[in-house]
Structure formats: structure tokens, C-alpha cells
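Numbering (our numbering), first residue to last: 617 to 1174. Each remark here refers to the structure printed beneath this line.
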Amino acid sequence: MSAVFNFKDHLYELFALALRKVAPDAIQTEIVVERPKLASHGDYACNLAMQLAKPLRKPPRDIAQALIAALPASDVIEKMEIAGAGFINVFITTAAKQHVVHGVLQTGAGYGHIRIGAGRRVGVEFVSANPTGPLHVGHGRGAAVGDCLCNVLHAAGWNVTREFYYNDAGAQIDNLMNSVRLRSLGITPDDPDWPEAGYRGDYIADIARAYLDKETVEADDQHVHASGDVQDAEAIRHFAVAYLRREQDLDLRAFAVEFDVFALESALYTDGKVEEAVKRLIASGHTYEQDDALWLRTTDFGDDKDRVMRKTDGGYTYFVPDVAYHLDKWRRGFTRVINEQGADHHSTITRVRAGLQALDVGIPQGWPDYVLHQMVTVLRNGQEVKISKRAGSYVTLRDLIDEVGRDATRYFLAARHPDSQLVFDIDLAKSKSNDNPVYYIQYAHARISAVLAQWGGERKTLLQTNVTLLDSDHETALLQKLIDYPQLIEHAAQELAPHLIAFYLKELAADFHSYYNGSRFLVEDEAVKLARLALIAAVAQVIRNGLALLGVSAPEKM
RNA sequence: GCGCCCGUAGCUCAGCUGGAUAGAGUAUUGGCUUCCGAAGCCAAGGGUCACUGGUUCGACUCCAGUCGGGCGCACCA
617 MSAVFNFKDH LYELFALALR KVAPDAIQTE IVVERPKLAS HGDYACNLAM QLAKPLRKPP
677 RDIAQALIAA LPASDVIEKM EIAGAGFINV FITTAAKQHV VHGVLQTGAG YGHIRIGAGR
737 RVGVEFVSAN PTGPLHVGHG RGAAVGDCLC NVLHAAGWNV TREFYYNDAG AQIDNLMNSV
797 RLRSLGITPD DPDWPEAGYR GDYIADIARA YLDKETVEAD DQHVHASGDV QDAEAIRHFA
857 VAYLRREQDL DLRAFAVEFD VFALESALYT DGKVEEAVKR LIASGHTYEQ DDALWLRTTD
917 FGDDKDRVMR KTDGGYTYFV PDVAYHLDKW RRGFTRVINE QGADHHSTIT RVRAGLQALD
977 VGIPQGWPDY VLHQMVTVLR NGQEVKISKR AGSYVTLRDL IDEVGRDATR YFLAARHPDS
1037 QLVFDIDLAK SKSNDNPVYY IQYAHARISA VLAQWGGERK TLLQTNVTLL DSDHETALLQ
1097 KLIDYPQLIE HAAQELAPHL IAFYLKELAA DFHSYYNGSR FLVEDEAVKL ARLALIAAVA
1157 QVIRNGLALL GVSAPEKM
């Protein structure tokens, strides 16, 4: 298949050649080829002439004229126009655009897969909830954004490893153990003796009951039997962590999110990785003893004050195992790592990066990358929802999935820029009507499926269909939208912005619905019929591909 | 007080590394089905892009400051 429909890169190359001829002394000038907002401005526009106006000291329109004259011939270009201050607007021939239909139908689920990742490895850590309670809506956002990001990076040609880190060591786990122990002894959060920091949710009582009933839970490929002994703190701790890990796994499964690696904080201690990292940091000379504690001079690496590594009581602060953990990631060969976390963890970034720099093992500055998502508030009947019976003080992910379904939950949590605070409107997500974008997109897919089913022909017929009849406004708009899809993947992967997929799909669905209302497909004229069916089959394919990236289903009937 | 994020239509939000007349959904108003799915389509109204200054041929976009909202500022994790 020799047909070109990556017109953007194609034009970029042509303009680069023209630049060499017109302005050999200014070949470093950045070339930008973009899609204009208005159709009257062509399919692609280049601002190179305006960029060159200053170095060449000539009017941009004259330079544009020269660039056009110097541009190598291309049979995909219908015409070029100079517009505005000196834009070169390029119009692509409809014939060239039509090739995309066969391109999509031939590559199928692979359409949109590009090679910018070049098979390089990237480790993406997300969710990483502590095993101290059920997953809540904030974790859900992390799961939806992180999973979609992984899918996008995979489509962009990266070799992605999904990783979940859980803190099964430290003070909060002591707190969990203690809360379960007290519950086992019949003490409730209402009791005056209940500790201030104790976990209060109903799930603590569930764990205590299971422990007393000597249940067995299966989590992380191991079976943990409860002894029922209320005095055995270690046994309670072990059981409680396993119990909550199982619950979180069930939540993730319900959300259709899978991980390749589960990393345990406790293992970093038992494997000696924490000790080793500490030794390296001391050897690096960036540490010092003060007030019976060991400090890391993070101010050497841009922090605003130094941080304690080893406390007076001999324990390490949180970021020390975190540094050890990231050293381990580095050694596992992840030259690129992306951590998707809630924005409330922001303060650790500087510390972890500083620790990694202090190790002096060749880790580049600014490694790893972070994607931080802002807080989620949940709305019902226009009121903010805070209370969940199970969790005590927040909305669980399971509640949301049960109430509005997996598709809508994933869509709504992934469809916003991670930097923006998110309002999750339960009533909107539940509504099976025109105000719900998930159904709007799925409906487009179901409509196409229905038409194709009614036609009843074979898919391979469409692969050979003559598509030169596709030239109406609606049809060329859809062709261009399909052409844009691979560039969308590239953009979303570069910007680490999975929400762009959701917006694209809404636009694609809108273009289709508009086309649908103005056209009939199962018409008498066989050539027209097959051409239109081929087009909408390609649209359905791209909707499927895009929804798959979001982890949302593409039903044939609704 | 310091750091990070945000501020775009009544509401929820897009706006790509600066580009041409700032967009969508929803809500409001008015239209469209003898025919493939009306969970749809078409149209209208709705804006000081928080504010001020700067950089630029060009600023919603970049920089500085102000105001407002969120999060974080432990020898917690």
C-alpha cells in the first residue's frame, strides 16, 4: 500500500526542501504544518513564510510565493493559496484523502498504531493505592488515566510495563493492624478509646470478622489463613493487607485494569535494596548526621530544605524506600518511567528526584516523568457526595461502577485534562440520553453496525470497493477525520494527554451522526452503496480503536 | 508565608510546540422522521478567554505581578 495519507509529515518534508532552496542560511527555522480551524483555509497550513520574514527581511507574502515555487511537485496537492499575513494554505485532493478508507479497513485494529516509541521500554506506575482501604474515586481517576495513557503509548509504539506499587510497610500498616485488632476485640469507632488516627470504615469490621472466622484469602498468588488469634499482631497485619489487596484487585478487575508488575515496599527492605540505597547515598557525600538523625542534602538538587532519611527512632522516612524503588526501576532497564499519581503527592517529586541524583549512578535529571491528576468531587442531584457507608468518608470506585457502569465511569474519569479538577456528575453519567457523550459515541458505532448488518454483505467486498464517489462535504469531513487519527495518537502520546482521545471520538461521532441524517446508505445504486458502506465501516473501525484506548466497549446494539 | 495546579458562554469543559473570525456539549428558543436505530440532525441567541503590564508581525496560549479556587508544605505515608 503505497498511498500516503500522513499528509502532515509529507508536507513537512516538502516545505523543508523548499526552505533549503529559498533560505539556505536559515534552514534551522522551525517548520509548523497544522490543521487550520476553518475549512476555507485549506486542509493544512504552513506559517514558514512569516517565520522567515525577519531573517530574510522581505515581505512574508513574497517569501510565500517563492516557497510555493520551490516546493517539489506532489500529486496529493490540489492547490495552494497565500492568505492572511502570509499563510500558505494547502488543499489536498479528494482522491488522495479517499485512500484512507482502504487504509483503515486493511489495517483494522492496527490503524492508528505508529512507531514513534520505536519499541523502547517505558514503565508506567499508576494507582499504587496503599492497602489500607477500598479504592476510591481518586484512585479510579488514576486507574482510568493511567490505563488509557498506557494504551496510547502502546499504540504509539512503546513497549509498556504497567506497575502498581503498594506500601505494605510502615506506620499506616501498623495503624491498619491496630484498627482491625481493636475491632476484633469489639471496640468500635464510637468508643472513646478508639484512636484518633484509626481507620473507621465498615470494611475494618469486615476484615475483623473474617479474621475471627479464620477465613482464607487469596491475593498476589498466595493464600493467607487467618489464625483468629487477636493477640498475634503480625498475623493480623498479614491477613489485613492480603484481604485489602484482594478487594483492590476485585475493584481493578471490575474496572478492567490490569498490571504487569506489583511491587511491594516490604520487599525493598527484605531484599536489602533500601540498605543499599542508603549506603550509596552516604558514600556519595550528600548526607550528614544531625540531631541523632541522618539527613540528605536535597538542597544540593533544588529542594528548599534538606530532608531526614533516618529518623531518631532508627526508621527510614517514606522517600528512602521510594528512592530505592526507583533505583530498582532504573536497573530493570526503564530509561523512561512515568508515574501517574494524585496531585496531593506532589511534594515527593523533588525529594525522589534529588535522591536519585545524589545516588550518582547516571540517572538523568528530571527522571522520572510525572503525570499528576487533580482532585475529583462527586455530584449527585447537584450536591457534593462525600459519605460512603463502606469507606466512611469517601466515594468508592466500586460504588461508582455499580451505579453508573464501567464504560461511563472510565470515560468520565479519563476525559478531562489531568491538571483540571474533575467534577463527576453521577446523574449525567447515568443518563442514557443525548446529554451523555459515552452513549453518543457508542450510539454511532451501534448505528453503523445496524446498517452493515442490514446490508449483510461481506467485509472483504468493502476492501475492494471503489471509493472515488465519496466527495460530498460530509464525506470529505469524515475522510479528513480518519486521516487525523494517527496524528491524534502521536499528539496524545507526546503530551501524555489521554483525554484528547475522548474529545476526538466525540467529534468523529458528531461528524458521523450528521452524515447519517443527511444520507441513505442502502440505496439502489450499487457503487454508491458500497462506497458509503466502506466509509462508515472505516468510521466504525476507528471508533472501536479509540474506545479501546479508553477501555470503553463498542457495542453493536444498545 | 512558600511550592504546584486551575480560572474560557448560565453550567460542564476543549483549544495541539504562539497563528487567521475563541469552539463543543448542556441549558433556552424554533424547526426536522410514510424510508437504514430520533440515545439522532439542522438553526438561533449566549464571551472584557479572572485582572494588569510585558515579549512578538501575531498572545486564550509565553513571561512578571494582582485577585479568586484546589492541593501540598513532618524525624507521616
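Note that CB positions come from ideal geometry on N, CA and C, so glycine has one too.
Supposed close pair Gly733, Tyr727 - CB separation, criterion 8 Å
17 Å between Cβ atoms; not a contact.
Residue from His729, Asn622, Leu897 whose Cα sits closest to the Cα of Ile693
Asn622
Just the C-alpha distance for Cys662 and Val648, rounded to the nearest angstrom, thanks.
6 Å
With a threshold of 16 other CB atoms inside 10 Å of the CB of Tyr904, please say whether the residue is buried or exposed.
exposed
With DSSP as the reference, label Met617 as helix, strand or coil.
Note that Met617 scores 38 on pLDDT, short of 50, meaning its location in the model is unreliable; the coordinates nonetheless yield the value given after this. Three-state DSSP puts Met617 in coil, outside helix and strand.
For Ala1125 and Ile1159, which I take to be in contact (beta-carbon distance under 8 Å), what is that distance rounded to the nearest angstrom?
7 Å
Between Ala760, Asp845, Val638, Gln788, which lies nearest to Phe871 when the distance is taken from Cα to Cα?
Ala760
In chain order, what residues of the same chain have a beta carbon less than 6 Å from the beta carbon of Leu860, not counting five sequence neighbours either side?
Pro747
The segment 921–930 contacting the segment 899–913, beta-carbon criterion three pairs below 8 Å
yes
Nearest to Pro937 by alpha carbon, out of Phe875, Arg1026, Leu672, Lys895?
Lys895
Which residues DSSP lists as bridging Lys695, in chain order
Phe707
Report the residue from Ser1169, Gly1134, Leu1146, Ile1105 whose alpha carbon sits nearest the alpha carbon of Leu765.
Ile1105
Between Val1168 and Arg1022, what straight-line distance do the alpha-carbon atoms span, to the nearest angstrom?
8 Å
Measure how close the beta-carbons of Pro688 and Leu630 come, nearest whole angstrom, since I'm counting them as under 8 Å.
6 Å
Quick check: what's the CA-CA separation for Ala582 versus Thr804?
The shown model of the chain, from 617 to 1174, leaves out residue 582, and the question about it has no answer.
With respect to the beta strand (DSSP E) encompassing Phe742, which residues constitute its N-terminal and C-terminal limits?
Element bounds for Phe742: n/a, residue is neither H nor E.
State the DSSP-derived secondary structure class of Gln1058, mapped to helix, strand or coil.
helix
Is Arg1032 buried or exposed, if buried means 16 or more other CB atoms sit within 10 Å of its CB?
buried
Taking the beta strand (DSSP E) that Gln681 falls in, what are its first and last residues?
Element bounds for Gln681: not the beta strand (DSSP E) but the alpha helix (DSSP H), 676–686.
For the candidate residues Trp774, Ala669, His729, whose alpha-carbon lies nearest to that of Arg737?
Trp774
Under the three-state DSSP convention, the category Gly758 falls into:
helix
Taking C-alpha atoms, which residue in Tyr660, Ile679, Asp818 lies nearest to Lys637?
Ile679
Cβ of Leu1151 within 8 Å of Cβ of Ile1057?
no
Spatial neighbours of Glu697 within its chain, please: C-beta separation below 7 Å, excluding the five flanking residues on both sides.
Gly658, Asn705
Three-way DSSP call (helix, strand, coil) for Tyr781 in this model:
strand
DSSP three-state assignment for Gln864, whether helix, strand or coil:
helix
Cβ-Cβ distance between Gln990 and Gln957 below 8 Å
no
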